[in-house]
Amino acid sequence: MLCYCCSKKPFIECCAPYVLEGELAPNCEALMRSRYTAYCLGQIDYVYQTTHPTQRSAELIEEIQQFADSVHFFKLAISESNQNMHKGEVSFKAYFIIDNTVEVITEQSFFEFIDKWYYHSGKLSATPSHKLKRNELCPCGSLIKVKHCQTHLISGQA
């Protein structure tokens, strides 16, 4: 199975070691990809633990869980990634379906290395949404019309 992060690599060789086995992401792009994969799999604790400690709050786990439980992510596109020894940036678009609407998160994410890489914060850009019509092909890649597609179940529930 190919990895959820759209790297075109096998899942077991890409994000699984970080999300499922506790290995540390070697750079900020790998962390970004693994966090996306964690959202897809409903691995909320991983998303929380890879968030910079100064950005965590008591409500954060619940917020992450509610969001992940309500959407189906189907595509990640990284447009730029750079880092030095202590800071990094990754620009990306994450595509998801919610209530038969395609939404896109366009973000420039900021990362910091302390003892490992952490997601610190991000700057979002507005991206228009697209309401799916029953007879159009589902954007999840199944090549099935939206009205018949079962592939775009809520992330983490497949």
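Reading the sequence shown from the start, the letters are residues 8 to 165 in the numbering used here. Even for Gly, the Cβ is constructed at its ideal location relative to N, Cα and C.
Original post:
Hey, would you say K94 sits closer than 9 Å to E114, going by beta carbons?
Top reply: Along the sequence shown, one-based indexing puts residue 94 at 87. Along the sequence shown, one-based indexing puts residue 114 at 107. No, the pair does not count as a contact, with Cβ atoms beyond the cut-off.
Subject >> Residue ranges of each alpha helix (DSSP H) within the stretch 40-105, 4 or longer >> reply: 51-56 and 67-77
Original post:
Taking D52 as the reference, which of T61, V26 and S77 has the closest Cα?
Top reply: Start at 1 with the first residue of the sequence shown, and residue 52 comes out as number 45. Nearest of T61, V26 and S77 to D52, Cα basis: V26.
Subject >> Residues near P24 by beta carbon distance below 8 Å, same chain, minus five either side >> reply: Numbered from its first residue, the sequence shown carries residue 24 at position 17. Only E30 meet the Cβ criterion.
Original post:
Going by the beta-carbon positions, is the gap between Y125 and H79 smaller than 9 Å?
Top reply: The residue labelled residue 125 in the question sits at position 118 within the sequence shown. The residue labelled residue 79 in the question sits at position 72 within the sequence shown. No.
**OP:** Count the other C-beta atoms from every protein chain shown that fall within 10 angstroms of the C-beta of Q62, then say buried if there are 16 or more, exposed otherwise.
**Re:** Walking along the sequence shown from the start, residue 62 turns up at place 55. Looking at its Cβ environment, which holds fewer than 16 other Cβ atoms inside 10 Å, Q62 is exposed.
Subject >> Proximity of E110 and I104 at Cβ, strictly below 9 Å >> reply: Here residue 110 corresponds to residue number 103 of the sequence shown, with the count starting at 1. Here residue 104 corresponds to residue number 97 of the sequence shown, with the count starting at 1. Taking 9 Å as the Cβ cut-off, E110 and I104 qualify as a contacting pair.
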